[in-house]
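Line by line, the protein sequences are chains A and B. Counting from 1, one number per residue, gives the positions in the first sequence under this note's numbering. Counting from 232, one number per residue, gives the positions in the second sequence under this note's numbering.
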Amino acid sequence: MNKVVAGPGEAIHDIRDGVTIMLGGFGLCGIPENCINALVASGVKDLTCISNNAGVDDFGIGLMLQQKQVRKMISSYVGENAEFERQLLSGELEVELIPQGTLATRCLAAGYGMPAIFTPAGVGTEVAEGKETRVFNDKAYLLEYAFDADFAIVKAWKGDAHGNLVYRETARNFNPMMAMAGKITIAEVEELVPAGSLDPDHVHTPGIYVHRIFQGSGYEKRIEQRTTRKK
Amino acid sequence: MALTKEQIAQRIARELKDGYYVNLGIGIPTLVANYIPAGIQVELQSENGLLGMGPFPFEGEEDPDLINAGKQTITTVPGSSFFDSAMSFGMIRAGKVDLTVLGAMEVSETGDIANWKIPGKMVKGMGGAMDLVASARNIIVAMMHTNPKGESKLLPKCGLPLTGVRCVKKVVSDLAVLDITEEGFVLLERAPGVSVEEIQQKTAGKLLVKGDVPEMKF
């Protein structure tokens, strides 16, 4: 089981115009920086991106937006990006806003081999428009379908050649369920370790879900809201 | 005198009970963490994947991998745990979180809430708000009683696009503490020096006043 590729360029070599990709991360925390840079360099376009957020103007998915590579964003919150707003208002970019838990669970359903889920999020709101509603135990739920993504690109802290992944702190966020949901899953890690050095009891994503893995470099890990207190 | 934002947070903190798991939204709700009463232990949930959120880090100790749902750098407290976003909303959906505190643009007398979208303005998204209000067992809204034009934000029916229906149980505004019942808003407490008449005048939704309404004390 050797899933190691040389770097981000090789990892994304077959991502073509028009495909659907999932990108892990919450805000700028736990985003696959190396692969995003490689996608920007590749010039691939007309992408549908499933990601909780859309980065900021000059970092994360914002870099892909600057190059007009994204046709549609499926996200829960996109507030931190002026270029995003410009493209949305001009009609260049389509956006589908969905509740954060629904987004996470539609990924999870795909990774668990389940076609759909029922969730109460959005019942009685415009999110429910056109969706099947079912009542269980006197409470209404919306039918939401599992995502169908060509690629999932995730970032982990550590990984091995088998594709086993370990995340760190809140950089875990959407990465595990997106790793499970992609037809092809690409993982970039801060540290690629020899097989056997990760404790199997501590693996977050089993390697079966991961198709390509590489050790990333030059992580900037930009902080969106630096908040501190005085000693 | 209307309450300050800090006093709204301080009043909401009195609703906390020992052993509660609590999700605090962005804005005034975040301030509630500063007023947790002595002798009470609560654990704060951050929906991006943390139970046991601590205060902001000391300068120079920020960790880019450790943020809250507002994308602010934070710390953990002893006994904390990390998990993924699906599990985070799983515990919310399953009713494990005892109390959710969030802000609102409008609340209706039946407990509907609108807090994510203003038609004609750039829509940023609902984030986790729709999941939280659809599932939380107990929701307290922290809000201003009126908008900057002086118009009531406690309405018979929300005018803005809804975040959730029939979910808010209690409102703590700058003027009053109100329960939301089958009969409408019930006035429980008033801000120091604010009269029942003023609250009635600034509440567009159905408001019930039962007997003497005590003043909040700080």
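Where is the CB? At the ideal position from N, CA and C, for every residue including glycine. If you're wondering where the values come from, they're calculated on a predicted model, not measured in any experiment.
Report yes if the C-beta distance between residue i and residue j is below 9 Å; otherwise report no.
i: Ala435/B; j: Leu418/B; result: no
i: Met232/B; j: Pro423/B; result: yes
i: Thr125/A; j: Gly101/A; result: no
i: Val189/A; j: Leu165/A; result: yes
i: Ile239/B; j: Val403/B; result: yes
i: Lys72/A; j: Cys49/A; result: yes
i: Gly7/A; j: Ala38/A; result: yes
i: Val5/A; j: Ile213/A; result: yes
i: Ala156/A; j: Pro194/A; result: no
i: Phe148/A; j: Thr20/A; result: Contrary to the premise, residue 148/A reads as Asp rather than Phe in this sequence. Contact flag set, yes.
i: Ile61/A; j: Leu89/A; result: no
i: Ala140/A; j: Ile117/A; result: no
i: Glu340/B; j: Gly291/B; result: no
i: Ile186/A; j: Ala11/A; result: yes
i: Thr236/A; j: Tyr167/A; result: No information on residue 236/A is available, as it lies outside the stretch 1 to 231 that chain A covers here.
I need the straight-line Cα distance from residue i to residue j, nearest angstrom please.
i: Leu63/A; j: Ile36/A; result: 8 Å
i: Ile98/A; j: Asn53/A; result: 11 Å
i: Glu96/A; j: Gly27/A; result: 17 Å
i: Ala365/B; j: Phe320/B; result: 11 Å
i: Phe289/B; j: Gly310/B; result: 20 Å
i: Pro295/B; j: Glu169/A; result: 10 Å
i: Gln69/A; j: Leu47/A; result: 6 Å
i: Asp405/B; j: Glu428/B; result: 15 Å
i: Gly465/B; j: Ile74/A; result: Any answer about residue 465/B is impossible in this case: the structure gives chain B only from 232 up to 449.
i: Lys380/B; j: Gly216/A; result: 52 Å
i: Glu382/B; j: Met375/B; result: 10 Å
i: Leu143/A; j: Ala360/B; result: 18 Å
i: Ala367/B; j: Ala335/B; result: 15 Å
i: Lys433/B; j: Asn265/B; result: 29 Å
i: Gly250/B; j: Met284/B; result: 15 Å
i: Gly159/A; j: Met114/A; result: 27 Å
i: Glu80/A; j: Gly442/B; result: 48 Å
i: Met322/B; j: Leu282/B; result: 11 Å
i: Leu438/B; j: Lys388/B; result: 13 Å
i: Asp315/B; j: Val440/B; result: 45 Å
i: Ser197/A; j: Ile298/B; result: 28 Å
i: Val135/A; j: Asp201/A; result: 39 Å
i: Ser262/B; j: Glu237/B; result: A small correction: the amino acid at residue 262/B is Leu; Ser does not occupy that position in the sequence shown. Near 7 Å, if we compare the C-alpha coordinates of Glu237/B and Leu262/B.
i: Leu386/B; j: Phe313/B; result: 39 Å
i: Leu234/B; j: Lys248/B; result: 23 Å
i: Glu220/A; j: Gly163/A; result: 23 Å
i: Glu191/A; j: Ala171/A; result: 15 Å
i: Arg242/B; j: Lys400/B; result: 15 Å
Output, in chain order, the set of chain B residues within a Cβ distance shorter than 7 Å of residue i.
i: Thr227/A; result: Phe287, Gln303 and Thr304
i: Thr105/A; result: Ala317 and Phe320
i: Ile223/A; result: Glu293, Pro295 and Thr304
If residue i and residue j are in contact, beta carbons under 8 Å, what's the gap, nearest whole angstrom?
i: Ala317/B; j: Met1/A; result: Rounded, the Cβ-Cβ distance is 26 Å, inconsistent with contact.
i: Arg245/B; j: Pro260/B; result: Not confirmed; about 14 Å, so no contact.
i: Gly337/B; j: Leu409/B; result: The sequence shown places Glu at residue 337/B, rather than the Gly named in the question. Not quite, the Cβ-Cβ distance comes to about 14 Å (not below 8 Å), so this is no contact.
i: Lys355/B; j: Val78/A; result: 6 Å
i: Val44/A; j: Arg16/A; result: 7 Å
i: Glu83/A; j: Leu103/A; result: Not quite, the Cβ-Cβ distance comes to about 22 Å (not below 8 Å), so this is no contact.
i: Asp362/B; j: Ala121/A; result: 4 Å
i: Lys3/A; j: Val210/A; result: 6 Å
Is there at least one Cβ from chain E nearer than 9 Å to residue i's Cβ?
i: Leu108/A; result: Among the chains of the structure shown, chain E does not appear; the protein chains present are A and B.
Can you pull the chain B neighbours of residue i, defined as C-beta to C-beta under 9 Å?
i: Cys29/A; result: Asn279, Pro295, Asp296, Leu297, Ile298 and Lys302
i: Glu191/A; result: Those do not exist, as Glu191/A stays about 13 Å from chain B at its closest Cβ, beyond 9 Å.
i: Phe136/A; result: The premise fails here: Phe136/A is roughly 12 Å from chain B at the closest Cβ pair, so nothing lies under 9 Å.
Could you name the residues of chain B that residue i contacts, counting a contact when the two beta carbons are closer than 8 Å?
i: Tyr77/A; result: Lys355, Gly356, Met357 and Gly358
i: Lys230/A; result: Phe289 and Glu290
i: Lys97/A; result: Reading off the sequence, residue 97/A comes out as Leu, not Lys. Val354, Gly356 and Met357, listed in chain order.
i: Glu92/A; result: What Glu92/A touches in chain B: nothing, since even the nearest Cβ is about 15 Å away.
i: Glu85/A; result: Met353
i: Met177/A; result: Asp315, Ser316 and Ala317
i: Phe59/A; result: Neighbours of Phe59/A on chain B: none; closest Cβ ~12 Å, over 8 Å.
Mind listing the chain A neighbours of residue i? Cutoff is C-beta to C-beta under 7 Å, in chain order.
i: Phe313/B; result: Glu169, Thr170 and Arg172
i: Ile323/B; result: Gly101
i: Ser366/B; result: Pro120
i: Met361/B; result: Pro99, Ala121, Gly122, Thr125 and Val127
At 8 Å on the CB atoms, spell out the chain A contacts of residue i, in chain order.
i: Val396/B; result: Val123, Gly124 and Thr125
Kindly list, in the order they appear in chain A, the residues whose Cβ is closer than 9 Å to that of residue i.
i: Pro392/B; result: Thr125 and Glu126
Would you call the region 339-350 of chain B and the region 395-412 of chain B touching, i.e. three or more CB-CB distances under 8 Å?
-> yes
Taking contact to mean at least 3 C-beta pairs separated by less than 8 Å, is the region 140-157 of chain A in contact with the region 176-196 of chain A?
-> yes
Say whether the region 159-178 of chain A touches the region 30-45 of chain A, bearing in mind that this needs 3 or more beta-carbon pairs closer than 8 Å, one atom from each stretch.
-> yes
At least three beta-carbon pairs within less than 8 Å, the region 320-332 of chain B to the region 370-378 of chain B = yes
The region 213-225 of chain A / the region 302-309 of chain B touching (three or more Cβ pairs under 8 Å) | yes
Three CB pairs or more closer than 8 Å across the region 275-287 of chain B and the region 249-260 of chain B = yes
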